[in-house]
Amino acid sequence: MLLKKLEGEIFFFSDDIAGNIEKAEMIFMAVNTPTKTEGEGAGMAADLSYVEACAKDIAKYSKSNKIVIEKSTLPVRTAEKIKEILEENSTDIHFEILSNPEFLAEGTAIEDLFKSDRVLIGGDDTLSGQKAIKSLVNIYANWIPIQKILTTNIWSSELAKLASNAFLAQRVSSINSLSALCEKTGANVDELSKAIGMDHRIGSKFLKASVGFGGSCFQKDILNLVYLCQFYGLNEVADYWHQVVKINDYQKKRFAQKVIDHFDGNLAGKRIGFLGWAFKSNTNDSRESAAIKVSEILYRHGASLSIYDPKVQYKTIVNDIENLWEIKVSIKDKRINIVDKLISTSQCDVFVILTEWKEFEQIEIASTKVIFDGRNISQNQNKFSIGK
Ligand code: UGA
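Numbered by the numbering used here, the letters in the sequence shown go through residues -4 to 383 in order.
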């Protein structure tokens, strides 16, 4: 919406990499940093090949001094590596590197942009570093109150992004771990969250128990943090943060196991209605969504699946199943059915809610059936809720 309005006025899209690098005084590097799939640190460390390629291009096409800004989420001390690449691949040009991590969440990006809790800018403690920081502060100061713009050294800024996501995810794993204890003791996890969150020192956000956190960032960033700690020989610290991801995996498996136990382990011939595939509501993104793991476990136990999500595209769900499940299946398999309308409640034996879409709150089902509610939103009587 914003881009449409301002395109051609202050936003210009172009594939002329050389020309635009040459013209720019400041360059934001906002490339992907997925988890490495091969080589040293595979499955944990961030793949910096896109960052490196981007730095090489900047060095190649720069003819004057530049401020290069890390916008991607990066491991601590990546700025060092970027500087090395820039200097190795150019002559007589001064590059000042700043770190300015992104804290927007999907679904609320524009709101977050205008009402950021803070804008973080890290740079070198040199004269040119401080000058570069000031130029970036001046841009943000156009809409962010100055007291919310925090300037730090570059390493604090790089680490703060990983640490912020780790803290948020840790809260979700903490409440999810307690949801298991609630189920054993008769405590109610929603009441627990409320009671804990009313302590203003703790706060109420990110204490909603769920089938597990997803999204492209939390797991990737924590594993990256774990890898960094291991790299520096801080094994206890690495283990501490790794546990956040392990609890998340445990929660997904624990939820699937509830469905399996409901059928005494025999899911053959049972059809399970999947309500939601996105990793959270208000997005069509399913990256690292709990739905991917839960569906695979139930399929492996013989279940047939009917999958519905109001926003996630058919081809995304197909890709998740065909390429991200550990077992190889084809979407032509008769046990998998992706539908574009809310599944008729007569067609399935049980339902599982994986995403907190509003339309799933009021779903009514026959009294012989059960909703396994992975988001604690259902108003239906016959349900299993997390942590209750
Ligand atoms: C997250 C952070 O919130 C952003 O600040 C950050 O900029 C972004 O990652 C990023 O690094 O790019 P996002 O992945 O869009 O944003 O999603 P969140 O709203 O943080 O939710 C993450 C997951 O946690 C979702 O699956 C959500 O359902 C789950 N969650 C969240 C819970 O299960 N319980 C909660 O109480 C809160």
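Note that CB positions come from ideal geometry on N, CA and C, so glycine has one too. Since we're looking at a predicted model, the values are computed, not measured.
With a threshold of 16 other beta carbon atoms within 10 Å, G3 falls short and is exposed. Taking 4 residues as the minimum length, the alpha helix (DSSP H) runs contained wholly in the segment 303 to 372 are 309 to 314, in order along the chain. Boundaries for R113: no alpha helix (DSSP H) harbours it, and the DSSP string shows neither H nor E there.
Contact check between the segment 211 to 224 and the segment 39 to 46: three or more CB pairs, one atom from each, fall below 8 angstroms, which counts as touching. No Cβ-Cβ contact shorter than 8 angstroms links L99 with I116. Bounds of any beta strand (DSSP E) do not take in R166; it lies within the alpha helix (DSSP H) bounded by 149 to 180. Around K55, the same chain offers N84 as residues with beta carbons nearer than 7 angstroms, after the five sequence neighbours per side are excluded. Taken in chain order, the whole alpha helix (DSSP H) runs of length 4 or more contained in the segment 204 to 268 are 213 to 226, 230 to 257. Between the C-alpha atoms of I255 and E291 there is a straight-line separation of about 12 angstroms. When the beta-carbon positions are compared, D344 and K265 come within less than 8 angstroms of each other. For G271, the Cβ stays outside the 7 angstroms cut-off from all heavy atoms of ligand 1.
Here I326 has V313, I316, E317 as same chain residues with Cβ atoms under 7 angstroms from its own Cβ, once five neighbours each way along the sequence are excluded. Secondary structure of E65 (DSSP, three-state): strand. For M24, DSSP records a beta bridge to E65.
Under the three-state reduction of DSSP, A41 is assigned to strand.
C-alpha of I22 to C-alpha of V232: approximately 34 angstroms in a straight line. Taking every protein chain shown into account, the CB of S341 has fewer than 16 other CB atoms within 10 angstroms, so this residue is exposed. For I92, the enclosing beta strand (DSSP E) stretches over residues 90 to 94.
Each of T68, E97, F98, L99, A100, E101, N160, L163, V167, F201, L202, K203, S205, F208, G209, G210, C212, F213, F274, K275 has a C-beta closer than 6 angstroms to some heavy atom of ligand 1; these make up the full list, in chain order. The Cβ-Cβ distance between K310 and N279 does not fall below 8 angstroms. The alpha-carbon of N148 is positioned some 20 angstroms away from that of P140.
Comparing alpha carbon positions, the residue from K329, F355, R330 closest to K336 is F355. In this structure, the alpha-carbon of K248 lies about 17 angstroms from that of N371.
Sequence-distant Cβ neighbours of Q357 in its own chain, meaning closer than 7 angstroms and more than five residues away, are Q374.
Under the three-pair Cβ rule at 8 angstroms, the segment 12 to 29 counts as touching the segment 60 to 68. Within its own chain, the residues whose Cβ lies closer than 6 angstroms to the Cβ of Q225, once the five positions on either side in sequence are excluded, are A233, listed in chain order. The DSSP-derived three-state label of T73 is helix.
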